[in-house]
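Student: The sequence shown maps to residues 291 to 572 in my numbering.
Cβ coordinates follow ideal geometry from the N, Cα and C atoms, glycine included.
Model, not experiment: these values are computed from the prediction.
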Amino acid sequence: MILVADSGSSKTDWLLSIPGQEPIAFRSSGLNPYFLTEKQIVKILQDQVADLIGYSQSIQEIYFFGAGCSSPDRHEIVSNALSQLFNKAYICVDSDLLGSAYATCGHDKGLCCVLGTGSNISFFDGEEIHAGKHGLGFVLGDEGSGTWFGKSLVTDYLYGKMPAEICAQFKKEYNLDKDIVMTHVYMKSNANIYLASFTKFMGHIKDTEYAKAMVTKGLNEFIETNIKSYPEYHKYKSHFVGSIANVFADELISLCAAQNIEVGKIIKHPINDLLQFILSRN
Numbered sequence: 291m292i293l294v295a296d297s298g299s300s301k302t303d304w305l306l307s308i309p310g311q312e313p314i315a316f317r318s319s320g321l322n323p324y325f326l327t328e329k330q331i332v333k334i335l336q337d338q339v340a341d342l343i344g345y346s347q348s349i350q351e352i353y354f355f356g357a358g359c360s361s362p363d364r365h366e367i368v369s370n371a372l373s374q375l376f377n378k379a380y381i382c383v384d385s386d387l388l389g390s391a392y393a394t395c396g397h398d399k400g401l402c403c404v405l406g407t408g409s410n411i412s413f414f415d416g417e418e419i420h421a422g423k424h425g426l427g428f429v430l431g432d433e434g435s436g437t438w439f440g441k442s443l444v445t446d447y448l449y450g451k452m453p454a455e456i457c458a459q460f461k462k463e464y465n466l467d468k469d470i471v472m473t474h475v476y477m478k479s480n481a482n483i484y485l486a487s488f489t490k491f492m493g494h495i496k497d498t499e500y501a502k503a504m505v506t507k508g509l510n511e512f513i514e515t516n517i518k519s520y521p522e523y524h525k526y527k528s529h530f531v532g533s534i535a536n537v538f539a540d541e542l543i544s545l546c547a548a549q550n551i552e553v554g555k556i557i558k559h560p561i562n563d564l565l566q567f568i569l570s571r572n
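1. How big is the Cα-Cα spacing for residue 496 and residue 504?
2. Name the residue from 477, 453 and 463 whose alpha carbon lies nearest to the alpha carbon of residue 487.
3. Could you compute how far the alpha carbon of residue 396 sits from the alpha carbon of residue 419?
4. Going by the CB atoms, is the gap between residue 555 and residue 524 shorter than 7 Å?
5. Shortest alpha-carbon distance to residue 406 belongs to which of 514, 299 and 470?
6. Hey, how far is the Cα of residue 459 from the Cα of residue 358?
7. Could you check what DSSP says for residue 418 in three-state terms: helix, strand or coil?
8. Indicate the three-state DSSP secondary structure (helix, strand or coil) for residue 551 in the structure shown.
9. Assuming residue 469 is part of the beta strand (DSSP E), what are its boundary residues?
10. Would DSSP call residue 326 helix, strand or coil?
11. Can you tell me which of 568, 522, 569 and 509 puts its alpha carbon nearest to the alpha carbon of residue 544?
12. For residue 500 and residue 400, which I take to be in contact (beta-carbon distance under 8 Å), what is that distance rounded to the nearest angstrom?
13. Please report the distance separating the alpha-carbon of residue 390 from that of residue 531.
14. Can you pull the DSSP bridge partners for residue 317?
15. Which first and last residues belong to the alpha helix (DSSP H) in which residue 457 is found?
16. Check for me: the beta strand (DSSP E) holding residue 384 runs from which residue to which?
17. Quick check: the segment 328-348 against the segment 368-377, are at least 3 beta-carbon pairs closer than 8 Å?
18. So residue 371 and residue 328 are supposed to be a Cβ contact under 8 Å. How far apart are they, rounded?
19. Please give me, in chain order, every unbroken run of the beta strand (DSSP E) with length at least 3 that falls completely inside the segment 330-386.
20. Is the beta carbon of residue 409 closer than 7 Å to that of residue 432?
21. If you measure between the beta carbons of residue 439 and residue 489, is that distance less than 7 Å?
22. Please confirm whether residue 560 and residue 393 have their CB atoms less than 7 Å apart.
23. What residues in its chain sit with their C-beta under 6 Å from that of residue 316, if we drop five residues either side in the sequence?
24. To which residues does DSSP link residue 494 through a beta bridge?
25. Where residue 441 and residue 292 are concerned, what is the direct C-alpha to C-alpha distance, given to the nearest angstrom?
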């Protein structure tokens with residue numbers, strides 16, 4: 291059996307490949323080692339995917355691709371946690387960018403863009419990704435991400451910059467005040483996930499000029515800061531994965547076309563394509 295995982299900051303998709311059967315899907319919360327310890331990861335898995343752990347003695351290989359897994363010390367946090375629960379498996383941990391590149395580019399060169407809770411980009415040369423200067427996280431970066439849009443909504447609301455009708459709708463749905471927001475953002479864990487949770491409100495107001503302007507601004511910030519930082523960006527397809535890329539696919543395609551950027555695949559959840567890639571090379 292082969293287990294593949296695609297982990298963002300908010301959630302982790304797991305797909306278990308069993309010979310002769312359809313793959314079995316599982317889902318847990320996100321397992322970002324920048325925000326979680328080895329012990330916390332183990333507990334999350336025990337609490338949320340106990341059925342998956344039931345296959346532990348039969349799973350031979352695990353390929354985990356996750357947000358925050360771009361350095362050896364972060365790899366170790368996740369691999370140590372997994373080895374406690376799947377002690378017979380070969381375990382490979384790598385970044386979500388590499389997993390996304392496998393799912394979208396396959397063996398071709400291209401730019402792989404993540405637009406989910408957070409945002410990031412890398413160039414894939416057909417075999418491996420090349421680390422860039424991006425992926426600064428929700429405090430310093432995450433342009434065009436769920437966290438970026440959530441932060442924009444909340445700050446506009448608190449600053450009184452929302453149009454009156456939208457402000458009333460936002461207040462009715464969330465009933466926020468400054469103290470509540472400050473506590474969640476500065477005193478509690480997972481502030482990025484908290485901020486990104488407000489992005490679903492964009493779906494309620496998607497057709498308003500306010501929302502359209504915000505979407506354009508956020509996606510253009512991603513394009514300018516990330517895609518166009520690669521001098522030869524126009525020579526390669528730009529592929530996108532993540533919930534934000536999926537929800538705003540039409541806007542993304544239009545804005546990219548206006549800047550001579552060829553859009554390739556747009557995938558909400560790369561897990562199925564990722565599993566097929568892993569199986570094809572085994």
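Tutor: In this structure, then:
1. The residue labelled residue 496 in the question sits at position 206 within the sequence shown. The residue labelled residue 504 in the question sits at position 214 within the sequence shown. For the pair residue 496 and residue 504, the Cα-to-Cα distance works out to about 10 Å.
2. Locating residue 487 in the sequence shown gives position 197, where the first residue counts as 1. Residue 487 has its Cα closest to that of 463, out of 477, 453 and 463.
3. The sequence position of residue 396 within the sequence shown is 106, counting from 1. The sequence position of residue 419 within the sequence shown is 129, counting from 1. Residue 396 and residue 419: Cα-Cα distance of roughly 12 Å.
4. For the purposes of this step, residue 524 is taken as residue 234 along the sequence shown, with counting starting at 1. For the purposes of this step, residue 555 is taken as residue 265 along the sequence shown, with counting starting at 1. Their beta carbons are not under 7 Å apart, which means residue 524 does not touch residue 555 by this criterion.
5. The residue you call residue 406 lines up with position 116 of the sequence shown. Closest option to residue 406, Cα to Cα, is 299.
6. Numbered from its first residue, the sequence shown carries residue 459 at position 169. Numbered from its first residue, the sequence shown carries residue 358 at position 68. Straight-line Cα distance between these residues: approximately 35 Å.
7. Start at 1 with the first residue of the sequence shown, and residue 418 comes out as number 128. For residue 418, the secondary structure class from DSSP, reduced to helix, strand or coil, is coil.
8. On the sequence shown, residue 551 is found 261 positions in, with the first residue counted as 1. In the structure shown, residue 551 sits in coil (DSSP, three-state: anything other than H, G, I, E or B).
9. Counting from 1 along the sequence shown, the entry for residue 469 is found at position 179. Counting along the chain, residue 469 falls outside any beta strand (DSSP E), though it belongs to the alpha helix (DSSP H) covering 468-476.
10. As a first step, residue 326 must be located in the sequence shown, where it is residue number 36. Residue 326: coil per DSSP, three-state reduction.
11. What you label residue 544 is simply residue 254 of the sequence shown in a count that begins at 1. Out of 568, 522, 569 and 509, 509 has the C-alpha closest to the C-alpha of residue 544.
12. Position 210 of the sequence shown, counting from 1, holds the residue named residue 500. Position 110 of the sequence shown, counting from 1, holds the residue named residue 400. That pair is no contact at about 34 Å.
13. Here residue 390 corresponds to residue number 100 of the sequence shown, with the count starting at 1. Here residue 531 corresponds to residue number 241 of the sequence shown, with the count starting at 1. Approximately 7 Å between the Cα atoms of the pair.
14. Sequence index remark: in the sequence shown, residue 317 carries index 27 (1-based). Note: residue 317 sits in a beta bridge opposite 303.
15. Stepping through the sequence shown from its first residue, residue 457 is reached at position 167. Segment 454-464, the alpha helix (DSSP H) holding residue 457.
16. Taking the sequence shown and counting its residues from 1, one reaches residue 384 at position 94. DSSP places residue 384 inside the beta strand (DSSP E), whose first and last residues are 380-385.
17. Below 8 Å, enough C-beta pairs join the segment 368-377 and the segment 328-348 to call them touching: three or more.
18. Position 81 of the sequence shown holds residue 371. Position 38 of the sequence shown holds residue 328. Yes, they are in contact, since the Cβ atoms of residue 371 and residue 328 sit about 5 Å apart, within 8 Å.
19. 351-356 and 380-385
20. The residue labelled residue 432 in the question sits at position 142 within the sequence shown. The residue labelled residue 409 in the question sits at position 119 within the sequence shown. The answer is yes: Cβ separation under 7 Å.
21. As a working note, residue 439 is residue 149 in the sequence shown. As a working note, residue 489 is residue 199 in the sequence shown. For residue 439 and residue 489, yes; Cβs fall inside 7 Å.
22. On the sequence shown, position 270 is the one that residue 560 refers to. On the sequence shown, position 103 is the one that residue 393 refers to. It is a contact, given that the beta carbons lie within the stated cut-off.
23. Working through the sequence shown from its first residue, we reach residue 316 at position 26. So the list reads 304, 339 and 342, once near-sequence residues are dropped.
24. Numbered from its first residue, the sequence shown carries residue 494 at position 204. Answer by DSSP bridge pairing: none, since residue 494 is not bridged.
25. Stepping through the sequence shown from its first residue, residue 441 is reached at position 151. Stepping through the sequence shown from its first residue, residue 292 is reached at position 2. Roughly 38 Å separates the two Cα atoms.
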